[in-house]
Amino acid sequence: MAHRRSFYLYKRHKKNGDYWYVCFLDRETGKQLNAKSIDCLKEKLGLMDFQRTTRKEDAAVIAQKALDSGLVFSDDSNRLFVEWCTEFWTWDKSEYIALRNRLKENSIGKEYAYNMLKNFTKNVEPLVPKGLRIVNVTTSILDRITKALYASGKSPGTVKIIIYSFSIPLKEAARLGIISRNPADKLLSSSHSDEERGVLTKEEMVKIVKLLRDEEDSIFPSYRLGILLAVSTGMRLSEVRAVNVSDIEESEVKGYEKLNIRHSIGHLSGVKSTKGKYERSVLIASSLSSELKENADSSGIALPSPRGGYMSPPVLRTAFYDVLEKIGIGEEERDKRNLTFHSLRHTFSTLSRDWNISQEDRMLVLGHKSAEVNDRYTHASDVALERVSVLSQAILECKL
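Read in order, the letters of the sequence shown correspond to residues 8 to 407 in the working numbering.
Right, here's the structure in full:
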C-alpha cells in the first residue's frame, strides 16, 4: 500500500520576493488543510535565523519538523468541531469563559453560557457532518448549516444568536492559532430585520394601571406591584424581581423616593449585577415605595413569590398576560403585536420620547448609557431624575 503524503510545498509571489508555503494533509482523509507560511512555522519552532527560506529542501525540513513536533496536529487542532464548541460554552470547563471573567469580572454569566450551549447543541450539532474536525470547518459547511436554520422557520434574530454559538468559538480558535482563520467571518448576513418589539398605546397603559388599582384585592400583591413598577419605570423583568427594600432611600424631591437599581436575577447565577453591570437610580412615588416596603418579606425582598423567595419570570409574565387579557388584548393579538413583559420597557422609552424627555435623561433612567454619558451621570442628581419622574407620575395617575 502506497504511503500517503503528509504535505506539499508551493511558492507564493509577493512584492518583496517569493515565500514558501506548506499545505499539510489530514492524516486520515488526506484532505488538504489551510496553508501555513514556512517562515512562520520556523519562528514557532524557535529557528530564529531571521533569513527568508529560499530553498525547497530547507522548507521541507522545516515542514517535517513542525509535523514531528506536534505543531500541526496538536490535540486542539485535531479536535472535533462539536466537541470544541460544546466545551467552549460549558461553564465549569471553558478556559475562554474563565479567562474572560478573570480579565473582567462577570464578563460572561452562567445564563449566557448556558443559553449559548443550548443553542449550539439543540440547533447546530444535529446539522454538523459527523466526525468534522475544527481544522476542516469551511465557510461552505457553515453556509449549509445557516441555510438549514433559516429553512426551519426560525426568525432572523434567532438565527443570528445561534450563529454566535459557533462563530465565537471559531474566532477564539483562530486567535489561539488552532485554525488559520475563522470560516464564519465570510458568512453572508441576513438582509431581514428582526421583528420589532411591540409597544402599548397610551390608552392601553391607562387601562392597565386602572385595572391594577381597581382589582387590587384580586391580584397577588407582588404581581400587581411588579407590573406597576415596570409600567412606571421601564425596569427590566430581572431587575424588578431583584428589588430589595434596602435599595430604597429618601429623595430630595418631595413626594418621591429613590430606588437604586443594583441587581438583577439570573436562573442559574441568582442575584447578580444588572445587564449593563452598573447601578442606576429612578424616582418612584412615595405611595408605591410604601406599598413595596409593606409587601416585603423578612429578608427585604420587595416582591416575594407566594411560596417565598424571589418570583420566577414565568409567573410574573403570566400575571401580566392575564392583565392584558382583561383589558381586551388576547393571546392572538398579543402574538401578532409581539407584546411581552419587556414591551413595558419599550413603551416607557417611547412615552419618554413623546413627552420630550431628553435622550440623556432617558438613557439615565433606562440604563442605556454610552461611555461618555455614563461618565457624566456617575453621580446623577435627583433633579435629573425628577425630569423623568413627571412621566412616571402621569402613568400612575392615568393622566397620559
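Glycine included, every Cβ here is placed at the ideal spot set by N, Cα and C.
Cβ neighbours of residue i in the same chain (closer than 8 Å, five flanking residues each side left out)
{"i": "residue 207", "result": "215, 346, 350, 351, 354"}
{"i": "residue 328", "result": "338, 341"}
{"i": "residue 63", "result": "16, 27"}
{"i": "residue 386", "result": "Since pLDDT at residue 386 reaches only 43, below the 50 mark, its modelled position is unreliable, and no value is offered."}
{"i": "residue 18", "result": "25, 26, 27, 28"}
{"i": "residue 280", "result": "113, 269, 270, 271"}
{"i": "residue 189", "result": "174, 177, 178, 180, 181"}
CB-CB length for residue i against residue j, believed under 8 Å
{"i": "residue 70", "j": "residue 48", "result": "7 Å"}
{"i": "residue 174", "j": "residue 191", "result": "4 Å"}
{"i": "residue 247", "j": "residue 236", "result": "5 Å"}
{"i": "residue 392", "j": "residue 401", "result": "Wrong, their Cβ atoms sit about 15 Å apart, outside the cutoff."}
{"i": "residue 229", "j": "residue 318", "result": "6 Å"}
{"i": "residue 139", "j": "residue 87", "result": "7 Å"}
{"i": "residue 176", "j": "residue 92", "result": "5 Å"}
{"i": "residue 239", "j": "residue 403", "result": "5 Å"}
Residues near residue i in its chain [Cβ-Cβ closer than 7 Å; skip 5 each side]
{"i": "residue 30", "result": "14, 15, 39, 40, 42"}
{"i": "residue 332", "result": "none"}
{"i": "residue 131", "result": "152, 169, 172, 173"}
{"i": "residue 117", "result": "98, 273, 275, 276"}
{"i": "residue 72", "result": "52"}
{"i": "residue 193", "result": "146"}
{"i": "residue 103", "result": "95, 179"}
{"i": "residue 213", "result": "405, 407"}
{"i": "residue 356", "result": "241, 369, 373"}
{"i": "residue 217", "result": "405"}
{"i": "residue 483", "result": "Nothing can be reported for residue 483, as the shown portion of the chain is limited to 8 through 407."}
{"i": "residue 108", "result": "114, 115"}
Residue i classed as buried or exposed, judged by whether at least 16 other C-beta atoms fall within 10 angstroms
{"i": "residue 323", "result": "buried"}
{"i": "residue 113", "result": "exposed"}
{"i": "residue 308", "result": "buried"}
{"i": "residue 365", "result": "exposed"}
{"i": "residue 305", "result": "exposed"}
{"i": "residue 265", "result": "buried"}
{"i": "residue 144", "result": "buried"}
{"i": "residue 396", "result": "buried"}
{"i": "residue 23", "result": "exposed"}
{"i": "residue 298", "result": "buried"}
{"i": "residue 294", "result": "exposed"}
{"i": "residue 378", "result": "With a pLDDT of only 43 at residue 378, under 50, the local geometry of the prediction cannot be trusted, and the value read off the model is given with reservation. Looking at its Cβ environment, which holds fewer than 16 other Cβ atoms inside 10 Å, residue 378 is exposed."}
{"i": "residue 225", "result": "exposed"}
{"i": "residue 201", "result": "With a pLDDT of 49 at residue 201, under the threshold of 50, the predicted position of this residue should be treated as unreliable, though the coordinate-derived value follows. By the neighbour-count rule (16 or more Cβ atoms within 10 Å), residue 201 is not buried but exposed."}
{"i": "residue 438", "result": "Limits of the chain in this structure are 8 at one end and 407 at the other, which puts residue 438 out of reach."}
Among the options, the one whose alpha carbon lies nearest that of residue i
{"i": "residue 394", "options": "407, 303, 362, 152", "result": "362"}
{"i": "residue 405", "options": "152, 299, 209", "result": "209"}
{"i": "residue 289", "options": "316, 300, 258, 277", "result": "258"}
{"i": "residue 211", "options": "26, 32, 358", "result": "358"}
{"i": "residue 195", "options": "229, 147, 213", "result": "147"}
{"i": "residue 85", "options": "161, 129, 33, 189", "result": "33"}
{"i": "residue 398", "options": "320, 292, 310", "result": "292"}
{"i": "residue 183", "options": "141, 218, 222, 223", "result": "141"}
{"i": "residue 285", "options": "335, 227, 270, 162", "result": "270"}
{"i": "residue 334", "options": "321, 94, 222, 267", "result": "222"}
{"i": "residue 44", "options": "311, 187, 226", "result": "187"}
Inter-residue Cα distance where the pair is residue i and residue j
{"i": "residue 60", "j": "residue 50", "result": "12 Å"}
{"i": "residue 300", "j": "residue 165", "result": "39 Å"}
{"i": "residue 124", "j": "residue 96", "result": "5 Å"}
{"i": "residue 8", "j": "residue 37", "result": "Because the pLDDT of residue 8 is 42, which lies under 50, any placement of that residue in the model is unreliable, and the number read from its coordinates should be weighed accordingly. Using only the alpha carbons, I get a separation of about 15 Å."}
{"i": "residue 56", "j": "residue 46", "result": "10 Å"}
{"i": "residue 178", "j": "residue 75", "result": "27 Å"}
{"i": "residue 250", "j": "residue 296", "result": "11 Å"}
{"i": "residue 348", "j": "residue 244", "result": "7 Å"}
{"i": "residue 262", "j": "residue 241", "result": "20 Å"}
{"i": "residue 231", "j": "residue 315", "result": "16 Å"}
{"i": "residue 408", "j": "residue 150", "result": "In the structure as shown, the chain begins at 8 and stops at 407. Residue 408 is therefore absent and cannot be evaluated."}
{"i": "residue 199", "j": "residue 181", "result": "Interpretation of residue 199 is limited by its pLDDT of 48, a score under 50 that renders its predicted location unreliable; no figure is taken from the coordinates."}
{"i": "residue 185", "j": "residue 58", "result": "25 Å"}
{"i": "residue 128", "j": "residue 65", "result": "45 Å"}
{"i": "residue 321", "j": "residue 330", "result": "14 Å"}
{"i": "residue 20", "j": "residue 90", "result": "38 Å"}
{"i": "residue 155", "j": "residue 121", "result": "23 Å"}
{"i": "residue 278", "j": "residue 54", "result": "52 Å"}
{"i": "residue 100", "j": "residue 126", "result": "18 Å"}
{"i": "residue 220", "j": "residue 233", "result": "13 Å"}
{"i": "residue 302", "j": "residue 313", "result": "11 Å"}
{"i": "residue 105", "j": "residue 227", "result": "41 Å"}
{"i": "residue 159", "j": "residue 12", "result": "42 Å"}
{"i": "residue 161", "j": "residue 254", "result": "40 Å"}
6 Å CB neighbourhood of residue i in its chain, flanking five on each side removed
{"i": "residue 205", "result": "344, 345, 346, 350"}
{"i": "residue 326", "result": "230"}
{"i": "residue 256", "result": "265"}
{"i": "residue 360", "result": "none"}
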